[in-house]
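The numbering of the sequence shown is the numbering used here, which starts it at 178 and goes up by one.
Cβ coordinates follow ideal geometry from the N, Cα and C atoms, glycine included.
What follows is one structure encoded as structure tokens, with my remarks underneath.
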Amino acid sequence: MSPEIWILAGSAATIGFVHTALGPDHYLPFIFMAKARKWSIFKTSWITVLCGLGHVGSSVLLGIAGFAFGIALGKLEIFESFRGDLAAWAFVLFGVGYLIWGIRRAVLNNPHKHIHVHSDGIIHEHEHTHTNSHDHTHKRNITPWILFAIFVLGPCEPLIPILMYPAAQHSTTGMVFIAGLFSVVTIATMLVIVLLLTFGFKFISLGKLERYSHALAGAIVLLSGVAILAGL
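Here is the structure:
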């Protein structure tokens, strides 16, 4: 490969890391969802990797198709911008829905006490809630796939115009190499940040606010969408 490809490779690795680290929407939703839903480290990891693959894979495939069919870069950038807006609004809508559900769940899960008087005269008091401590199976299963769909919609903005198209001017192999390197660095950065912060989060106790963890997760997803729309 030419020296230009190796220069682009360094740029791909750097941009992949910086773009991901500076974009909280790449990792905060997983961290707070993992906390709220009590995902294991393994489950948190595969969901993060799956969403990362959807995130970079959609842009890689679009870039390859654009180059193969001679689509002008400007048109691809317009389409990527449109996809970005769709992903942001999907974050917002999912966040609002999850926030409302989380608040409702927290209210219903408000612990309260009941007093029972036994036949032998002993008075017994116990505290309970009206919701189970775990979610139903379908609720556990659908959240990762909603996140995956949102991340598939979300483009990697710098990938096509800054990395893939310049690399394609030298060779198709170089373009594939650059796209692959950017993808690996992006997904690896997502995973490392998610795991580090998730591990640290385990030492933070929310106490009585624990029942609001789902509402907090919804708020984080909502704010991620708002941040994208605001260009932050």
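message: Count Cβ pairs between the stretch 183-197 and the stretch 371-381 that sit closer than 8 Å; are there 3 or more?
response: Under the Cβ criterion (8 Å, minimum of three pairs), the stretch 183-197 does not count as touching the stretch 371-381.
- request: Could you spell out where the alpha helix (DSSP H) holding Asp202 opens and where it closes?
  value: Counting from 1 along the sequence shown, the entry for residue 202 is found at position 25. Per DSSP, Asp202 is not a residue of any alpha helix (DSSP H), being assigned neither H nor E.
- prompt: Which one of Phe268, Arg282, Val403 has the shortest CA to CA distance from Phe207?
  reply: In the sequence shown, residue 207 corresponds to position 30, counting from 1. Minimum Cα distance to Phe207 is reached at Phe268.
message: Along the chain, where does the alpha helix (DSSP H) containing Leu336 start, and where does it finish?
response: For the purposes of this step, residue 336 is taken as the residue at position 159 of the sequence shown. In the DSSP annotation of this structure, Leu336 is not part of any alpha helix (DSSP H), being labelled neither H nor E.
Option in Ile224, Pro338, Gly193, Leu185 with minimal Cα separation from Leu372: Within the sequence shown, residue 372 is the residue found at index 195, counting from 1. Closest option to Leu372, judged by alpha-carbon separation, among Ile224, Pro338, Gly193, Leu185: Ile224.
Alpha carbon of Thr349 to alpha carbon of Val233, nearest angstrom: Residue 349 sits at position 172 when you count from the first residue of the sequence shown. Residue 233 sits at position 56 when you count from the first residue of the sequence shown. Looking at the two C-alpha atoms, the distance is approximately 18 Å.
query: Which of the three DSSP states, helix, strand or coil, is assigned to Lys215?
result: Your numbering for residue 215 matches position 38 in the sequence shown. If DSSP states are grouped into helix, strand and coil, Lys215 belongs with coil.
- prompt: Span of the alpha helix (DSSP H) holding Ser179?
  reply: Reading the sequence shown from its first residue, position 2 is the one you call residue 179. For Ser179, there is no enclosing alpha helix (DSSP H), since its DSSP letter is neither H nor E.
query: For the alpha helix (DSSP H) that Lys385 lies in, which residues bound it at each end?
result: Within the sequence shown, numbered from 1, the residue matching residue 385 stands at position 208. Here Lys385 belongs to no alpha helix (DSSP H), and DSSP marks it neither H nor E.
field: Alpha-carbon to alpha-carbon, Arg282 and Gly357
entry: Here residue 357 corresponds to residue number 180 of the sequence shown, with the count starting at 1. Here residue 282 corresponds to residue number 105 of the sequence shown, with the count starting at 1. Whole-angstrom Cα-Cα distance: 42 Å.
- request: Grab me the residues of Ala211's own chain with a C-beta within less than 7 Å of its C-beta, minus the 5 sequence neighbours each way, in chain order.
  value: On the sequence shown, residue 211 is found 34 positions in, with the first residue counted as 1. Same-chain partners within the cutoff: Thr221, Thr375.
query: By a C-beta neighbour count over all protein chains shown, 10 Å radius and 16 as the cutoff for buried, is Ser179 buried or exposed?
result: As a first step, residue 179 is located in the sequence shown; it is residue number 2 there, counting from the start. So Ser179 ends up on the exposed side.
field: Local Cβ density within 10 Å of His289, reported as buried at 16 or more and exposed below that
entry: Looking up residue 289 in the sequence shown gives position 112. Note on His289: pLDDT 47, under 50, position unreliable in the model; no value is reported.
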